[in-house]
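Asks: Submitted below is the structure of interest, expressed as structure tokens.
There are 2 protein chains.
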Amino acid sequence: MHISIIGTGNLGYHLTRAFAKGGHKLTIWNHSLEKAQLTANDTGANICLNLSALPKSVDICFICVNEEALPEVLSQIPSHQFCLVHTAGSLSINILENFAKQYGVFYPLQSFLFNKPIDYSNIPVFIEASDYQTLHKLEVLAQFHFGKAIHLDSDKRALLHIAAVFSSNFTNAMCLLAEQILEENSLDFDYLRPLIQETLSRIQKLRPHQTLTGPAARKSNLIIQKHLTILKNHPFRYEIYNLISNFIKQQNLKP
Amino acid sequence: MHISIIGTGNLGYHLTRAFAKGGHKLTIWNHSLEKAQLTANDTGANICLNLSALPKSVDICFICVNEEALPEVLSQIPSHQFCLVHTAGSLSINILENFAKQYGVFYPLQSFLFNKPIDYSNIPVFIEASDYQTLHKLEVLAQFHFGKAIHLDSDKRALLHIAAVFSSNFTNAMCLLAEQILEENSLDFDYLRPLIQETLSRIQKLRPHQTLTGPAARKSNLIIQKHLTILKNHPFRYEIYNLISNFIKQQNLKP
Chain A
4 MHISIIGTGN LGYHLTRAFA KGGHKLTIWN HSLEKAQLTA NDTGANICLN
54 LSALPKSVDI CFICVNEEAL PEVLSQIPSH QFCLVHTAGS LSINILENFA
104 KQYGVFYPLQ SFLFNKPIDY SNIPVFIEAS DYQTLHKLEV LAQFHFGKAI
154 HLDSDKRALL HIAAVFSSNF TNAMCLLAEQ ILEENSLDFD YLRPLIQETL
204 SRIQKLRPHQ TLTGPAARKS NLIIQKHLTI LKNHPFRYEI YNLISNFIKQ
254 QNLKP
Chain B
4 MHISIIGTGN LGYHLTRAFA KGGHKLTIWN HSLEKAQLTA NDTGANICLN
54 LSALPKSVDI CFICVNEEAL PEVLSQIPSH QFCLVHTAGS LSINILENFA
104 KQYGVFYPLQ SFLFNKPIDY SNIPVFIEAS DYQTLHKLEV LAQFHFGKAI
154 HLDSDKRALL HIAAVFSSNF TNAMCLLAEQ ILEENSLDFD YLRPLIQETL
204 SRIQKLRPHQ TLTGPAARKS NLIIQKHLTI LKNHPFRYEI YNLISNFIKQ
254 QNLKP
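Chain order of the listed sequences is A and B.
For the first sequence, the numbering used here assigns the number 4 to the initial residue and increments by one for each residue that follows.
For the second sequence, the numbering used here assigns the number 4 to the initial residue and increments by one for each residue that follows.
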């Protein structure tokens, strides 16, 4: 298949890599040529310099640019010539209907970092399409190059994306807050690694509601107040600590 | 050594287990006899029914009750008869000075669940003591039964505890929010597990500030606003999403 990847940031880079392993012909575009070049070097993909000159032989075109850049990119792709697929968790499939006869969504539920290898084989991909032919195409690509294909409509996919933000981006932000506190006080971040390992490995076996511990879970206001006093000169830390502790305290946990 | 563990909740249970493996004589107390019995069954420890009757042969007494219950427990232990050690991350060593001639702090930096096995050998233990003899005793116990012993004063230990709350209790809370969103919408929590696994494994190799991704990291206000609109009827979700996104956005990240 001749596949085009528009936008070779974190996701586009890995989509190109995953499809390259399957021997597809690949044409990539990126607003910065330098980053397109890095992706081409790793995958053997051809670089397209101008979206209006995307080869007509492209069977399917994956758009992996930031949500904000999408309208501009869509306006440059020759209208109705390609099967267009976007990869954004929270955008409706309908945003493509004026730009293609056949279109769809291909949302791999994973967090990608440019250039950092990752195992594609257990990543679930959530797909949606304008027609059965496109749906089948996406299903085959997801099953062959990733973990599995799951049909999901745009509204549910947005909820799934929100859940992903909480469980990945925001867990990372919590660790960032910890890192900053330790760093400012000359304490080694490595001290926390066994704790973080245990916390997240529990969630691989149990559910988060079964594994809440800590001052807020045991409703220890003495410690919560002490921590808030220590954090009082750091508004973000103070407010985040306070808000999440209140959230945990109103859960119905066994004592 | 004859070791007493006062309070056999999540931490006390595991402290008893870890010391039992080393062949120490163990005497435990818990406000609910039933939970003391569960710990005794797993470890061969003797149960003490009344704190005022704690055997005089006890060499060192670890207090593992909730911070709120500590004053009551301390008032019941025969004053100045034992070397007393508390295990709370955020309480000063000084709270013990009126209750013992020799005293200290023994803070294993890990999150424990009652009855759930865990590898003790890589857990760092932060220790502090009133005198060299007690410090040495705690150091040996930490090194022999856990990962390593690190001397840390009470102020820094409180900061370390706050960092632990962020990176463990609050990461778990983020996953709980995700779980609740998925559950209400009949989406399977298992979908998130590869993502959570990847998030975690990155933090074992990189630092959190190197691994931020998602709508807030790429300053995608379009998606953030869309998510906030979806969350608007859930005050905790809305406020937590908004606050943490703002925190991430004001980080100095490379685009």
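Glycine residues also receive a C-beta, built at the ideal position from the N, C-alpha and C atoms.
Expressed to the nearest angstrom, what Euclidean distance is found between the alpha-carbon atoms of T19(B) and H27(A)?
Replies: Taking the straight line joining both Cα atoms gives about 59 Å.
Asks: Under 8 Å Cβ-Cβ, which residues of chain B neighbour H230(A)?
Replies: Within chain B, the residues near H230(A) are S93, A161, H164, I165 and V168.
Asks: What residues in its chain sit with their C-beta under 8 Å from that of I206(A), if we drop five residues either side in the sequence?
Replies: Correct list, in chain order: T214.
Asks: Rounded to the nearest angstrom, how far is the Cβ of L57(B) from that of S7(B), given a contact under 8 Å?
Replies: Indeed they touch by this definition, with Cβ atoms about 6 Å apart.
Asks: At which residue ranges does the stretch 64-135 of chain B contain complete beta strand (DSSP E) runs of 3 or more residues, listed in the order of the chain?
Replies: For the stretch 64-135 of chain B, whole beta strand (DSSP E) runs of length 3 or above, ordered along the chain, are 87-89, 106-111 and 127-132.
Asks: Cutting at 7 Å between CB atoms, please list the residues of its own chain near E142(B), excluding the five before and the five after it.
Replies: I130 and A152, listed in sequence order.
Asks: Determine whether the Cβ of I130(B) lies closer than 9 Å to any Cβ atom of chain A.
Replies: It does not: the Cβ of I130(B) has no partner Cβ on chain A nearer than 9 Å.
Asks: Give the DSSP-derived three-state secondary structure of T216(B) in the structure shown.
Replies: It is coil, neither helix nor strand.
Asks: For S35(A), count the other beta carbons within 10 Å of its own beta carbon; 16 or more makes it buried, fewer makes it exposed. Which is it?
Replies: Exposed, since its Cβ has fewer than 16 Cβ neighbours within 10 Å.
Asks: In the DSSP output, which residue or residues are listed as bridge partners for N49(A)?
Replies: The partner list for N49(A) (beta bridge, DSSP) reads T30(A).
Asks: When you compare the CB positions of F22(B) and L29(B), do they come within less than 9 Å of one another, or not?
Replies: Yes, Cβ-Cβ distance for F22(B) and L29(B) is below 9 Å.
Asks: Does DSSP put K235(B) in a helix, in a strand, or in coil?
Replies: Residue state, collapsed to three classes: coil.
Asks: I want to see whether chain B comes within less than 9 Å of H212(A), judged by CB atoms only; does it?
Replies: Taking Cβ atoms only, chain B reaches closer than 9 Å to H212(A), which makes this a yes.
Asks: Hey, is R20(A)'s beta-carbon within less than 9 Å of any beta-carbon in chain C?
Replies: Chain labels in this structure do not include chain C; the protein chains are A and B.
Asks: Would you mind reading off the limits of the alpha helix (DSSP H) that contains H222(B)?
Replies: Before going further, note that residue 222(B) is Lys rather than His in the sequence given. Where K222(B) is concerned, there is no enclosing alpha helix (DSSP H), given that its DSSP letter is neither H nor E.
Asks: Below 8 Å on the Cβ atoms is my guess for G10(B) versus V61(B); work out the distance and round it to an integer in Å.
Replies: In fact, because the Cβ distance is near 15 Å, the residues do not count as touching under 8 Å.
Asks: For T232(A), is the classification buried or exposed, using 16 other Cβ atoms within 10 angstroms of its Cβ as the cut-off for buried?
Replies: Burial call: exposed.
Asks: At a CB-CB cut-off below 9 Å, which residues of chain B make contact with F109(A)?
Replies: Near F109(A) there are no residues of chain B at all, since even the closest Cβ is about 15 Å away, more than 9 Å.
Asks: So, is the C-beta of I126(B) closer than 9 Å to a C-beta in chain A?
Replies: Yes - at least one Cβ of chain A is within 9 Å of the one on I126(B).
Asks: Could you pull the start and end residues of the alpha helix (DSSP H) that S7(B) belongs to?
Replies: Segment H5 to I9 is the beta strand (DSSP E) holding S7(B); no alpha helix (DSSP H) there.
Asks: Quick check: the Cα distance between E242(A) and A103(B), rounded to an integer number of angstroms?
Replies: Rounded to whole angstroms, E242(A) to A103(B) spans 38 Å at the Cα level.
Asks: Along the stretch 176-200 of chain A, what residues have a CB closer than 7 Å to any CB found in chain B?
Replies: Taking 7 Å as the Cβ-Cβ cut-off against chain B, the residues of the stretch 176-200 of chain A that qualify are A176, M177, C178, L179, L180, A181, E182, I184, L185, N188, L190, F192, Y194, L195, R196, P197, L198, I199 and Q200.
Asks: Out of G150(B), A48(B) and A181(B), which one is the CA nearest neighbour of F109(B)?
Replies: Minimum Cα distance to F109(B) is reached at G150(B).
Asks: At a CB-CB cut-off below 7 Å, which residues of chain B make contact with N13(A)?
Replies: The contacting residues are T216.
Asks: Does any residue of chain A bring its CB to less than 9 Å from the CB of A145(B)?
Replies: By this cut-off, A145(B) is not an interface position.
Asks: Name, please, each residue of chain B whose Cβ falls closer than 7 Å to the Cβ of I96(A).
Replies: None at all; the shortest Cβ gap to chain B is about 15 Å.
Asks: What three-state label does DSSP hand K59(A) in the structure shown?
Replies: Coil at K59(A), not helix or strand.
Asks: Would you tell me roughly how many angstroms separate the C-alpha atoms of V128(B) and T90(B), rounded to the nearest one?
Replies: V128(B) and T90(B): Cα-Cα distance of roughly 10 Å.
Asks: On the criterion of 16 or more Cβ atoms from any shown chain inside 10 Å, does Y135(B) qualify as buried, or is it exposed?
Replies: Exposed: under 16 other Cβ atoms inside 10 Å.
Asks: Identify which residue in L138(B), N118(B), L94(B) and G92(B) has its Cα closest to the Cα of A43(B).
Replies: Checked all of L138(B), N118(B), L94(B) and G92(B); the closest Cα to A43(B) is N118(B).
Asks: Kindly indicate if chain A contains any beta-carbon less than 9 Å away from that of E70(B).
Replies: Chain A contact via Cβ: present.
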